[in-house]
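Numbered per my numbering, the sequence shown spans residues 75 to 345.
Have a look at the structure below, then the notes.
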Amino acid sequence: MQFLLFIASFASNFVVLFKVPLDQAKPFYATYSIANTSFSLLITLIFTWVGISQQRKICTVFLVVIACVASIVLGGLVGAAVIYPLAMLCGDYAVSQAKSIKLNTPYRAMMVVTTILFFIPGLPFEMAVLIRIGVSLLFYTFILCREEELLKLDIKSPIAFIVTVYIFYSGTLMAIPWLNSSAVDVKSWYLAAQVSLGLLLKRADFLTRSSFKVSRSVNLISYLGAFVVIAGASIYSFNWVYALLLTMSSLGLILAVNKLLIKKEVENGAS
Numbered sequence: 075m076q077f078l079l080f081i082a083s084f085a086s087n088f089v090v091l092f093k094v095p096l097d098q099a100k101p102f103y104a105t106y107s108i109a110n111t112s113f114s115l116l117i118t119l120i121f122t123w124v125g126i127s128q129q130r131k132i133c134t135v136f137l138v139v140i141a142c143v144a145s146i147v148l149g150g151l152v153g154a155a156v157i158y159p160l161a162m163l164c165g166d167y168a169v170s171q172a173k174s175i176k177l178n179t180p181y182r183a184m185m186v187v188t189t190i191l192f193f194i195p196g197l198p199f200e201m202a203v204l205i206r207i208g209v210s211l212l213f214y215t216f217i218l219c220r221e222e223e224l225l226k227l228d229i230k231s232p233i234a235f236i237v238t239v240y241i242f243y244s245g246t247l248m249a250i251p252w253l254n255s256s257a258v259d260v261k262s263w264y265l266a267a268q269v270s271l272g273l274l275l276k277r278a279d280f281l282t283r284s285s286f287k288v289s290r291s292v293n294l295i296s297y298l299g300a301f302v303v304i305a306g307a308s309i310y311s312f313n314w315v316y317a318l319l320l321t322m323s324s325l326g327l328i329l330a331v332n333k334l335l336i337k338k339e340v341e342n343g344a345s
């Protein structure tokens, strides 16, 4: 159940991105992509390389201050696109890496619930985003003030983790649009890669968190889900180049996580 809730909370972010107003989609996506990639890299490094918990807190606060200043300077929805991914990351890592305060389930449930805001008629998109940012930062601030220690991520090699993600996930997504094929093939397989590789990536992310136990059900859901998506894409729009690329990327991501990155041992119990 923990893994399903973990996936659901991340899936809720796709709802937010889907609801971006069409006339502001291009600048929002461009800014969000840069901010999300940059902050994800920095947060991963902070929670793996910084050895002292208090310093991890200071580093994340420093990032939040910088992002807030940048969002104020840019203003509007573009400014919100800067602070939004960092707010999600801070709340997410704070609740999962807190040593004693157990707020993981309430936080992820709240992230799912706040997507309802984006379907309320008359509520501006920017306001809904700001509320979601506020909720995430509220959890983050509470953990920072009340928790004595934020645990490190369970990763053998941060560099190997980052390189693996960029090669097998980001590299595949960047390669798909450049391969010679029809527009239908590109769209079908790009979406398939987003879902299948994204599911395997979230499995890797889940396994690095100190508050989560590893179980065989996590592997089953991830592997089976990725296989079903690839098989479905092959049936809908078969292209052997894309099928081979996505299969090799999936296997590479699984192998790297199992053999090179994660410290935890798999348990037989449910997650």
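From the three backbone atoms N, C-alpha and C, an ideal C-beta is built for every residue, glycine too.
Computed from a predicted structure; not experimentally measured.
If you check the CB distance, L151 and F102 come in under 8 Å.
Take T189, set aside five residues on each side of it, and the residues of its chain with a beta-carbon closer than 6 Å to its own are S86 and V89, in chain order. Secondary structure note for L298: its alpha helix (DSSP H) is the uninterrupted segment R290 to Y310. Taking the Cα of T134 as reference, the smallest distance to any Cα among S145, I146, L119 and V147 is reached at L119. Close CB contacts of F80 within its chain, under the 6 Å cut and outside five residues either way in sequence, are with F280 (chain order). For I229, the secondary structure class from DSSP, reduced to helix, strand or coil, is strand. Taking 8 Å as the cut-off, the Cβ atoms of Y158 and I117 do not count as close. Non-local beta-carbon contacts of F84 in its own chain, meaning distances under 7 Å to residues more than five positions away in sequence, involve K276 in chain order. Rounded to whole angstroms, the gap between the alpha carbons of A234 and G196 is 46 Å. Comparing alpha-carbon positions, the option among A330, A99, I229 and L212 lying closest to A155 turns out to be A99.
Residue pairing for A202: DSSP places it in no beta bridge. The stretch 121 to 137 makes no contact with the stretch 240 to 247, as fewer than three CB pairs between them are under 8 Å.
Linking P198 to V94 through their CA atoms gives a straight-line distance of about 10 Å. Looking only at V186, A202 and M185, the smallest Cα-Cα distance to F192 is reached by A202. Contact between the stretch 204 to 223 and the stretch 297 to 313 is absent: fewer than three C-beta pairs spanning the two stretches fall below 8 Å. Scanning its chain for C-beta atoms nearer than 7 Å, with the 5 sequence neighbours on each side dropped, one finds around F213 the residues G165, A168, V169, L177 and Y181, in chain order. Between the alpha carbons of K333 and I236 lies a distance of about 15 Å.
One thing to note: S270 has its Cβ no nearer than 8 Å to the Cβ of L325. With 16 or more other Cβ atoms inside 10 Å of its own Cβ, Y106 counts as buried. Using a 10 angstroms sphere on the CB of T179, the tally of other CB atoms stays under 16, which defines it as exposed. The C-alpha of V186 lies about 7 Å from the C-alpha of A82.
Spanning the alpha carbons of W123 and F312 requires a straight line of approximately 43 Å. A Cβ-Cβ contact shorter than 8 Å links I328 with L274. The DSSP-derived three-state label of L327 is helix. The beta carbon of R283 lies closer than 6 Å to those of S170 in the same chain, with the five residues before and after it left out. By the Cβ-count criterion, Y240 is exposed, with fewer than 16 other Cβ atoms from all chains shown falling within 10 Å of its own Cβ. Q129 and Q268 have their C-alpha atoms roughly 34 Å apart.
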